[in-house]
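Our numbering numbers the first residue of the sequence shown as 32 and each following residue consecutively.
Backbone N, C-alpha and C define an ideal beta-carbon position, used for all residues, glycine too.
Keep in mind the model is a prediction, meaning the values are calculated, not measured.
Everything below concerns the one structure shown next.
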Amino acid sequence: MSVVHSCPRVLIAGLGGGSGKTIVSLGLARAFSEQGHRVQTFKKGPDYIDAKWLTLASHTITSNLDPFLLPSPVLQNLFWYRALQADISLIEGNRGLYDGKDVAGTYSSAELAKVLQCPVLIVADCTKVSRTMAALLLGLCVFDPEVNIQGVVLNRAAGRRHQTVLRQTIEQYTGLRVVGILPKLQTNPIPERNMGLVAETELETDPLDGLSVLVRDHVDLDTVWGVAATAPGSTISPEPIFFHSGAHPTTMPMVRIGVARDAALWFYYQENLDALRHAGAEIVEFSLLDDATVPEVHALYLGGGFPEIMAKMLAENISMKKSIRSHIEQGMPTYAECGGLMYLGRALEYNGVSYSMADAVPVATRVCAKPQGHGYVRAMIQTANPFFSLGSALTGHEFHYSHCPELPPSAEFVFSMVRGQGIAQGVDGILYRNCLAGYVHIHALGHAEWAYNFVAAAAQYKDCVQQGVRCGDIRLQGG
């Protein structure tokens, strides 16, 4: 007989971006955590910044649940593996509840809620609206009756009369519970920039305790918990994450992979780092800003971030740039995403000023006022490289304000873009020696071979170093 495991969970969605769902999610996560509960947080979609804030609020690793990046069985296994270890799980949606990639709402927060049998709380901005809010919420409820909308948190309410009219109208015409009403705030507790919330390292004080107080004062936490508790229990016994993703226990020799993490580059999915560990790597973190040279490692991983904000400091760390360039010239396997590409290029232009970068790949980048690439990516592997099998398919996402104004005619590109912008129209992932650098971000659980190929390349480089020979170009053929 199957054992049913209790798994309280709720998805926090909005009418659209900017509704306040992130503030509510952060406040709930911190408030429940302060009550002594183990809170597991998730972010629907690929966003790194919101996920980092949710991690800080809940004191647990936040996983991104993205139905485009992860096959459905892998996504569900990831969710249950994390959620069944917690007292309550909070999933922050993205965009509007029903917004997906097409007319059918594919990959929407609503579809995720249905897959996970998760009740939904709506966060709605009620600025300059009263009775009409009931109509909007009623529309959400009837648009897809399979979506289990249980209540609403109203944001940016005016005075007491406004709040009373909103509550009475919504509860009378929709049957939804108004579980909280947040007042208008003079300032955003967490400032935003073009890619969403700023990083916590850019703030002088921690705003999360204040958000916890805000939510405790204006949201009925017991009712929210009660909504989460209506989610059906689970009889699933999730498998270890990397077994289910298609990975297998490593037999490869241990290698060390250097991961650049500081205020310039810090966009990493936890599962990507865990996949590398599972494949046989020791992760060695270092700073492009503060360290003088690359540590003793056999490969490098440079994620995304905001190198333009730290461009002056990056440019001034000449010894690190020289060390990075030298290791790549010697054949060290290096994988770089977005901000990592910008750092590895010849120069980075920001606000009209050009800063010299590592000059390890033959491109320069320029930061623009508007996005140069934004959305999901599909690509085919058109060029043999150390990380992906030739001819295989790739899914990922991109969000970058920079572009490469000029490209050398001899440049080799690994990704043939089926969907998305990339470095140039139709291509991404510039290849130099054993370095692959592009704008596309991937999730390791959607590409089981990536971590193993990465570690295998690092092991090959390690062998060359031990033998005192130069590492040749590592090129995988079709699998």
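Secondary structure of residue 447 (DSSP, three-state): strand. Taking a contact to require three or more Cβ pairs closer than 8 Å, the stretch 95-103 and the stretch 466-480 qualify as touching.
Non-local C-beta neighbours of residue 321 in its own chain, meaning closer than 7 Å and more than five positions away in sequence, comprise 293, ordered along the chain.
Secondary structure note for residue 291: its beta strand (DSSP E) is the uninterrupted segment 286-291. Below 8 Å, too few C-beta pairs join the stretch 40-50 and the stretch 193-203 to call them touching: fewer than three. Distances from the alpha-carbon of residue 220 to those of 58, 398, 112 put 58 closest. Annotation for residue 297: 336 place their beta carbon closer than 6 Å to its own, counting only its chain and skipping 5 residues before and after. Collapsing the DSSP output to three states places residue 495 in a helix.
Remark: C-beta atoms of residue 207 and residue 183 approach each other more closely than 7 Å. In chain order, 338, 339, 379, 388, 396, 433 place their CB closer than 8 Å to the CB of residue 373, counting only its own chain and leaving out the 5 sequence neighbours on each side. Secondary structure note for residue 303: its alpha helix (DSSP H) is the uninterrupted segment 301-310. Sorting 145, 456, 371 by C-alpha distance to the C-alpha of residue 262 places 145 at the top. Contact annotation: residue 72 and residue 60 have beta-carbon atoms nearer than 7 Å. For a cut-off of 8 Å, the C-beta gap from residue 290 to residue 315 is around 7 Å, short enough to register as a contact. A contact between stretches requires three or more CB pairs, one per stretch, nearer than 8 Å, and the stretch 455-471 meets this requirement with the stretch 405-418. The Cβ atoms of residue 482 and residue 367 lie no closer than 7 Å to each other. Nearest Cα to residue 438 within the set 426, 454, 446: 454. The three-state reading of DSSP puts residue 65 in helix, counting H, G and I together. When secondary structure is reduced to three states using DSSP, residue 212 falls in the strand class. By the neighbour-count criterion, in which 16 or more other beta carbons inside 10 Å mark a residue as buried, residue 349 falls on the exposed side. Judged by their CB atoms, residue 329 and residue 492 are nearer to each other than the 7 Å cut-off. Taking C-beta atoms as the reference points, residue 47 and residue 127 count as a pair closer than 7 Å.
Distance from the CA of residue 502 to the CA of residue 490, rounded to the nearest whole angstrom, comes to 11 Å. In this structure, the beta-carbon distance from residue 133 to residue 139 does not fall below 7 Å.
Taken through DSSP and simplified to helix, strand or coil, residue 253 comes out as helix. Excluding residues up to 5 positions away in sequence, 334 lie with their Cβ nearer than 6 Å to the Cβ of residue 299 in the same chain. The DSSP-derived three-state label of residue 267 is coil. Residue 218 counts as exposed, since fewer than 16 other beta carbons sit within 10 angstroms of its beta carbon.
In the displayed model, residue 455 falls within a strand according to three-state DSSP.
Residue 68 is positioned such that its CB atom lies no closer than 7 Å to that of residue 122. Here residue 466 is buried. Its C-beta has 16 or more other C-beta atoms within 10 Å. Residue range 370-375 is occupied by the alpha helix (DSSP H) that includes residue 374.
Counting only residues of its own chain and dropping the five nearest sequence neighbours on each side, residue 64 has a CB closer than 6 Å to the CB of 70, 89, 90.
Distance check between residue 392 and each of 404, 375, 400, 79 places 375 closest, using alpha-carbon atoms only. Minimum Cα-Cα distance from residue 426 among the listed residues 450, 417, 404 corresponds to 450.
In the three-state reduction of the DSSP assignment, residue 44 falls in the strand class, which pools E and B.
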